Every structure is written in structure tokens, then in C-alpha cells.
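Participant: Residue numbers (the numbering used here), protein chains in the order written: chain A, 46 to 202; chain B, 516 to 937. Where is the CB? At the ideal position from N, CA and C, for every residue including glycine. These numbers come from a predicted model, not from an experiment.
1) Once you ignore the five residues that flank residue 558/B on each side, which residues in its own chain have a CB closer than 8 Å to its CB?
2) Shorter than 9 Å from the beta carbon of residue 76/A to some beta carbon of chain D?
3) Can you list, in chain order, the residues of its chain with a C-beta nearer than 6 Å to that of residue 733/B? Leave out the 5 residues immediately preceding and following it.
4) Please classify residue 883/B as buried or exposed, where buried requires at least 16 neighbouring CB atoms within 10 angstroms.
5) Mapping DSSP to helix, strand and coil, what is residue 710/B?
6) The beta strand (DSSP E) that contains residue 479/B, what's its start and end?
7) In or out: residue 665/B buried (at least 16 other Cβ within 10 Å) or exposed?
8) In terms of residue numbering, what span does the beta strand (DSSP E) encompassing residue 125/A cover?
9) Beta-carbon of residue 487/B versus every beta-carbon of chain A: anything under 9 Å?
10) Does the Cβ-Cβ distance between residue 673/B and residue 662/B come in under 9 Å?
11) When you compare the CB of residue 97/A with every CB in chain B, is at least one pair closer than 9 Å?
12) Interface residues of chain B around residue 172/A at Cβ under 8 Å?
13) Can you pull the chain B neighbours of residue 131/A, defined as C-beta to C-beta under 7 Å?
14) In chain order, which alpha helix (DSSP H) runs of at least 4 residues are fully inside the stretch 612-669 of chain B?
15) How would you list, in chain order, the residues of chain B whose beta-carbon sits under 7 Å from the beta-carbon of residue 135/A?
16) Quick check on residue 88/A - is its C-beta less than 9 Å from some C-beta in chain B?
17) Based on Cα-Cα distance, which residue from 833/B, 866/B, 871/B and 856/B lies nearest to residue 842/B?
18) Jot down the residue ranges of each uninterrupted alpha helix (DSSP H) in the stretch 143-168 of chain A, minimum 4 residues, whole runs only, in chain order.
19) On the premise that residue 769/B lies in contact with residue 516/B, defined as a C-beta separation below 8 Å, what is that separation, rounded to the nearest angstrom?
20) Work out the CA separation of residue 184/A and residue 162/A for me, nearest whole Å.
21) Answer with buried or exposed for residue 103/A, where buried requires no fewer than 16 other C-beta atoms within 10 angstroms of its C-beta.
22) Note down the Cα distance separating residue 932/B from residue 845/B, rounded to an integer number of angstroms.
23) Would you mind reading off the limits of the beta strand (DSSP E) that contains residue 676/B?
24) Which chain B residues are close to residue 68/A, counting only those with a beta carbon under 9 Å from its beta carbon?
25) Name the chain B residues whose beta carbon is nearer than 8 Å to that of residue 180/A?
26) So is residue 656/B buried or exposed if we call it buried at 16+ other beta carbons inside 10 Å?
27) Name the chain B residues that come within less than 9 Å of residue 168/A, Cβ to Cβ?
28) Hey, residue 635/B and residue 676/B are a contact pair by Cβ (cut 8 Å); roughly how many whole angstroms apart?
29) Where does residue 110/A land, buried or exposed, given buried means 16+ other C-beta within 10 angstroms?
30) Considering just the uninterrupted stretch of the alpha helix (DSSP H) at residue 72/A, what are its terminal residues?
31) Mapping DSSP to helix, strand and coil, what is residue 723/B?
32) 9 Å is my cut-off, CB to CB: does residue 50/A come that close to chain B?
33) Quick check: the Cα distance between residue 699/B and residue 638/B, rounded to an integer number of angstroms?
34) List the residues of chain A that residue 669/B touches, going by C-beta distances under 8 Å, in chain order.
35) Counting beta carbon pairs with one atom in the stretch 562-574 of chain B and one in the stretch 728-743 of chain B, are three or more of them shorter than 8 Å?
36) Between residue 766/B and chain A, is any beta-carbon pair separated by less than 9 Å?
Rendered as C-alpha cells:
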């Protein structure tokens with residue numbers, strides 16, 4: 046089920062595209078529905094999005110599995126998306142990812158016991174001059190150090 | 516330095532309409548709305564400017580715009596590629612954050628030239644801050660009567676929207692990007708037909724990079740010759756270079772084409788901790804790696820970098836010092852292409868996996884005789900055999916890392932550990 050609030054948000058995206066091209070909004074619609082469902086997508090919610098946009102369920106499922114921004118199993122309330130690509134790697138991201146894993150007691154891909162945080166290694170996020178960096182929610186955090194990471198993570202609620 | 520896309524970078528609220536207009540912004544667009552500029556004049560000026568596509572391919576922008584069948588009936592589209600994702604590249608992010616109106620004006624001008632009344636700016640899904648800035652700028656532009664239908668009674672229509680991606684490097688390929696706007700998997704299309712004939716929703720479409728669009732208004736207000744003269748022969752204008760890696764002050768720099776690499780390195784504060792330069796990837800992770808001495812003699816323009824044995828790409832300069840293990844670095848890049856291959860073409864889908872697994876085996880200490888030949892063989896079989904350039908992008912680093920730093924790979928295979936790190 047998609048909430049009225051989410052439908053309103055989806056409609057705003059649908060309005061950007063030609064009338065007979067509602068499926069252009071599928072990528073954002075999936076994100077909106079994902080945000081309403083503890084940050085992950087079930088087969089049912091993917092079908093709900095497809096039905097709402099008048100497209101085949103399989104077409105929405107293809108999108109939901111092709112792109113990286115969708116989760117298909119439980120993740121933390123906050124997902125720390127740590128870049129490990131070249132510029133970040135050259136600036137010590139591997140050590141910092143280990144530091145973060147040690148601090149949280151989880152490996153990348155896992156969720157902390159309280160369900161608050163999960164860590165994911167991701168490819169280049171396009172902030173290479175601020176390497177090493179990670180993303181939490183809408184926010185980029187750049188020029189990270191172990192101390193800075195501690196401070197940011199301790200502030201997550 | 517900072518003469519076009521970054522010219523307002525030092526000003527407070529550089530992204531606002533007020534700052535943009537104070538520096539001459541929207542004067543070209545207003546001239547168009549007054550009927551004082553023709554599409555032909557604009558294309559001629561762009562051709563004279565020597566502006567080449569800033570997304571990586573370097574195709575002349577004026578020529579690209581001239582291909583659009585502007586007088587054909589039906590809807591046409593103009594699309595901006597802000598799906599910045601090539602490792603080492605982060606310039607478009609700053610254009611969107613600090614100068615979004617230049618992108619809007621450039622796209623509007625493009626729309627006018629090509630008779631396209633609708634535009635989409637495809638911004639990568641993670642760029643929420645840049646997206647919000649762009650959306651804010653759109654709101655300002657609409658409120659100021661610069662966008663919409665029959666703008667200022669000119670008879671010109673142009674509506675512009677931002678579209679967000681959802682995490683897929685391959686969508687930076689223009690036809691994958693179009694598929695993505697259509698709400699599909701981002702798998703590149705066969706070309707021909709080219710987007711100029713069959714693009715978004717099957718309609719004629721022109722796609723340019725963010726930096727290309729952001730350069731257009733200044734070229735038209737100051738003249739194609741002015742822009743061309745900023746650069747060198749065959750590489751007009753200035754260019755944003757993202758300098759990252761082992762430099763003291765990594766940053767984006769907008770400098771004249773033809774600037775010596777060693778000057779650019781100096782702008783970035785030189786090597787960190789006085790370390791010695793070992794290697795440079797000059798144009799983003801897909802472009803061949805260069806050794807220090809070759810890089811230090813190179814100029815930063817299309818021909819200069821090609822002469823050095825690599826490509827300008829998106830201007831993404833990744834600097835590596837002597838502590839860098841080239842085997843581990845290549846392994847990380849190979850993982851990237853393996854992860855990002857869309858899976859459509861067999862050489863890329865399977866080949867990127869072969870490359871990554873062979874390199875992983877080497878860095879795990881289990882390399883064996885013949886692995887180097889295997890890597891060279893696989894990259895050769897990918898190169899040129901795929902629908903889009905992602906296959907080539909995966910192959911080129913492998914060939915160049917092995918050509919320039921082969922002894923490090925041999926050492927890793929023989930000793931099971933890094934020659935550099937021990």
C-alpha cells in the first residue's frame with residue numbers, strides 16, 4: 046500500500062513527464078515508497094508502485110534491481126555509504142572503513158544490533174577532491190578522519 | 516583561472532539568480548527572447564569557440580547541435596548529462612552547486628537552437644545537494660519569467676525539469692541515460708540511430724554534459740573567438756580539472772586548455788608530504804595511466820594528453836605518489852567496472868568479472884604464471900567489442916597499468932605480496 050502522502054510526492058514527479066509516460070517517475074516512486082518502508086523494498090511494494098504508475102510489475106522490478114540505490118533486505122535506519130573507489134582508496138578509505146566496522150561491531154553489509162546503522166561500501170560518489178568521504182541520507186561527509194567519523198557516528202540517533 | 520563555469524565561485528550565494536544576472540547572466544537568453552539571435556548565428560559562434568563535449572568524448576558541441584533536425588515536426592528534447600560517476604570526476608557537482616543558472620541558460624539556449632521545448636537535467640541520484648540547488652535555481656528562473664510557455668511574449672517555449680538517477684555509472688552513457696529517464700534499466704542502445712534522430716521517447720534529442728551547457732552563455736556573450744583564445748589549437752576555452760589523490764590541496768580548477776600538468780599540480784599544492792610523483796591518470800579512471808616523467812612533460816588539452824598516451828576524458832586528474840601499489844589500485848578499478856557493467860554485452864559482462872577475479876587472486880597472494888597474459892588477453896577481447904564505451908573503459912586501465920608497471924604485477928604474482936607495500 047502506498048500512503049496518500051507518498052502518492053502526492055509521486056504525482057509531483059509524474060507531472061514532469063509527458064502524460065503517457067508515467068513510468069518515467071518509477072525511479073523516484075520506488076525511492077519514495079522505500080523511504081516509507083524502513084528503507085527497503087518488498088516484492089509487494091514494487092508491485093504497488095508498478096500498479097500506481099500503470100506499468101508491468103516486472104518492469105518496476107527490473108528497475109528496482111538494476112540500480113544501486115534500492116535495498117531488498119533490511120538496512121539500518123542510517124545507511125553509511127562509504128566510497129572505496131580510487132581517490133578515496135588513495136586517501137586511506139580502507140583503513141577508515143575498518144575503523145568504522147570495529148567501532149560499530151559490524152562488517153560492511155551488516156546492520157548494528159539496535160537496527161540504527163548499517164555500512165555499505167559503494168563506488169565513486171563524485172566527491173573525489175573531498176576524499177575520503179561517505180554519504181548518510183542526503184548528506185555527504187568529506188575529508189574524513191577516524192576522529193571525524195567517531196563524531197559523526199556518535200551523533201546518529 | 517575560473518573564467519567561465521567558476522567565474523562567480525568567490526561570491527556569496529554564487530548560485531543565486533541575483534549574482535548570476537549581475538555578472539551578465541541570462542543576457543544571451545533575453546536577446547534570444549527579443550528575437551535578436553538566430554539558431555544559425557549561435558551554432559556558428561559555438562563552432563568558432565572550439566567547445567568540445569566536456570563529458571569525456573570531446574565531440575564538438577556546435578557540430579552536435581547542427582545535427583538536430585530542428586525543422587522536423589513533433590516534440591524534440593534537450594537533455595543535460597549530470598550523471599557524474601567516473602571515478603576521479605567531481606566537477607559537475609560543483610557547477611550544479613555553485614552555478615546552476617549557467618546550466619539552465621545553456622539548456623534553454625540549446626532548446627531554442629534545436630527547437631526543443633522541453634529539457635531534462637539528469638542528475639545522479641546521490642547528488643541531493645546539487646539537485647536541491649538546481650531545483651532552487653529553476654524556481655527562481657520560472658518566477659523571473661525566464662522559463663515556461665510563450666516566455667515574455669516571445670513565442671518561445673521552454674520547460675525544464677530535473678530527473679534523478681538511482682545509482683548506475685552506465686547511465687552516464689547517453690543512450691543508457693535516455694532509457695533511464697524513460698523509467699527503464701540503464702542499458703545503452705545500439706547506435707545508429709543516434710539520439711539526434713531517435714532519442715528520448717523516440718524523439719530527436721540532444722544530450723550534452725553539464726560543463727558544456729554551462730559554457731554556452733559565456734561563449735555567446737563574449738564571442739566564440741574569445742573562448743577559443745583562452746585555450747590552444749584544437750582545444751578551445753578553459754576546462755575544469757578535478758585534481759584528487761596524493762596532492763596537498765585536492766580541488767577543482769578551471770584553467771586554460773593547454774596548461775602544463777606541472778602547473779596544475781602546483782595549483783593543487785604539489786605532492787603531499789613532499790612525496791615523489793609516481794603515476795597520473797589524467798582524465799578519469801577509464802583513461803590510460805601515465806608515468807611521472809611523461810605526465811610532467813604533458814599539457815592539459817586534448818592533443819597534449821593524447822600525445823602523452825592517454826585522454827583528456829572528463830578532466831579528472833588522479834595523482835599517485837610512490838607509496839601507491841599499482842596492482843591494488845588496478846584491482847579496485849577492475850572491481851568498479853565489474854560492479855557497474857550493465858550486463859548487456861557478453862565481452863563486458865563476463866570480461867570485467869574475469870579481470871576482477873584474476874586481479875583479486877593476485878592481490879590475495881594466489882597469483883600464478885600466465886595471469887598477466889590472461890589479463891591482457893581478456894582486456895583485448897573486451898576492447899571495441901561492446902555496444903557502449905564501458906567495455907573499453909574497463910579494458911584501457913588494465914592495458915596501461917600492465918604496460919607501465921608490469922614489474923609490480925610480476926612481483927606480486929611471484930612473491931604473493933606487494934612490491935611497494937611489502
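Facilitator: According to the structure shown:
1) 577, 580, 581 and 628
2) The structure shown contains no chain D; its protein chains are A and B.
3) 519
4) exposed
5) coil
6) Residue 479/B lies beyond the range of chain B shown here (516 to 937); nothing can be said about it.
7) exposed
8) 123-128
9) Here chain B comprises residues numbered 516 to 937, so residue 487/B is not present and cannot be evaluated.
10) yes
11) no
12) 605 and 608
13) 602, 603, 800, 833, 844, 847 and 848
14) 615-629 and 643-658
15) 760, 761, 835 and 839
16) no
17) 871/B
18) none
19) 6 Å
20) 15 Å
21) exposed
22) 15 Å
23) 674-679
24) 697, 698 and 699
25) 641
26) buried
27) 600, 602, 682, 684, 850, 851, 854 and 855
28) 5 Å
29) exposed
30) 71-81
31) strand
32) no
33) 16 Å
34) Residues of chain A passing the Cβ test: none, with the nearest at roughly 23 Å.
35) yes
36) yes
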